[in-house]
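*Asks:* Residue numbering for the sequence shown is 2 to 245, as defined by this note's numbering. All residues carry an ideal CB built from backbone N, CA and C; glycine is no exception. First the structure, then my questions, so here it is.
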Amino acid sequence: MKFTYRIALTLIIFGNLTTLQAQNLTISEQQTKNEETIDVDAWVAHLDQNMDYAEKSFEKFMKETFDYRTDKIKKTNVIKVEKVKFAEISPLRVDMRAVFAPEGAGCMVSFMMSPGYDIHFLRDTYPQEYAKIQDILKKFIKFNYNRFYKESIADAEDKIKSKQKDIASNNKKMENLQKDIAENEQKINNNDKNSNKLIERNSKYKTQITNLQAENATLNNDISQLQNNITKHNEALQKVFAFQ
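And the structure:
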């Protein structure tokens, strides 16, 4: 069956912490094979995360949003939720299927529902129920990206804290080196018998300080980039919140 109707919703979002580039997130319709290789009308999300991440997101989504347990069907990329109710879709109990497949660097996930054996919510036979399935998919999309960006922000914040500790440690090292240099210079000015060794030592200390300053400059640049990423992730989160 070919669809003459297709809906595409585009949301500009940002990628991971190292490559923040605009990407498209879309919802579409297409027939998808279930675990029995039967073609079923489905609503499909196109995600930027890989399958493993998306599958875990789906499991968390079902648990945290509906308190439903999920099961992965062996030897398939299908996760099922059996004999549950989605009041916003139908008063009937349904079996839900989320079918995952790789798509570029990300993945796609197809949502389909069945109120009975060999009975599916299809566009032609159950148009109202079928149309409402996309609402559950939108909720999952928001859940997935909310999880992804919050984890990314938390990871960036942890990295910033670690780099700030490294900078503080380097500053302490430089402070101690400066003290040693000052003490050595005083001895040199007083014609200490080890003046030559002290001059050589101070030269090494100054090189160490230069290296630590360069390291701090790199760390500060990394922190600035991470802070910029956090800002962009927060901007992306606002777009996710507004996604309807």
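#1: Under the DSSP definition of a beta bridge, which residues are partnered with L48?
#2: Could you compute how far the alpha carbon of M63 sits from the alpha carbon of D42?
#3: Report yes if the CB atom of E30 is closer than 8 Å to the CB atom of S91, and no otherwise.
#4: Taking all protein chains shown into account, decide if R98 is buried (16 or more other Cβ within 10 angstroms of its Cβ) or exposed.
#5: Between Y146 and the rest of its own chain, which residues show a CB-CB distance below 6 Å, the 5 nearest in sequence each way excluded?
#6: With DSSP run on the structure shown, which of helix, strand or coil describes I28?
#7: Taking a contact to mean a Cβ-Cβ separation below 8 Å, would you say I80 touches E56 in this structure?
#8: With respect to the beta strand (DSSP E) encompassing I80, which residues constitute its N-terminal and C-terminal limits?
#9: Helix, strand or coil for D40, going by three-state DSSP, please let me know.
#10: Do L220 and D167 have their C-beta atoms within less than 8 Å of each other?
*Replies:* Looking at the coordinates:
#1: C108
#2: 21 Å
#3: No; because the gap between Cβ atoms is not below 8 Å, this pair is not in contact.
#4: So R98 ends up on the buried side.
#5: V241
#6: strand
#7: yes
#8: 79–85
#9: strand
#10: yes
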